[in-house]
Amino acid sequence: MINKIDLAPLVGASLEVMAQDAKAQRGERPFVFSNLKTGEGLATIIAFIRERGML
2 MINKIDLAPL VGASLEVMAQ DAKAQRGERP FVFSNLKTGE GLATIIAFIR
52 ERGML
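Residue numbers (the working numbering): 2 to 56.
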């Protein structure tokens, strides 16, 4: 989970670069961008946890 994506533009970070880096490091393993303050990405996170049987 890559959280606080709303702050990326404020610190000069690129979500596209973050996605490339995450794919390079994680390979086929999933990741999701989120902003839990607004709920963006939360449904994806919850679905992942439910599908993996952790909740």
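Idealized CB from N, CA, C, for every residue including glycine.
Note that this is a predicted model, so its numbers are computed, not measured.
ask   = Span of the alpha helix (DSSP H) holding R27?
value = 16-27
ask   = Is the beta carbon of S35 sitting closer than 7 angstroms to the one on G42?
value = yes
message = Please state whether the Cβ-Cβ distance between F32 and A44 is less than 7 angstroms.
response = no
ask   = Helix, strand or coil for F32 per DSSP?
value = coil
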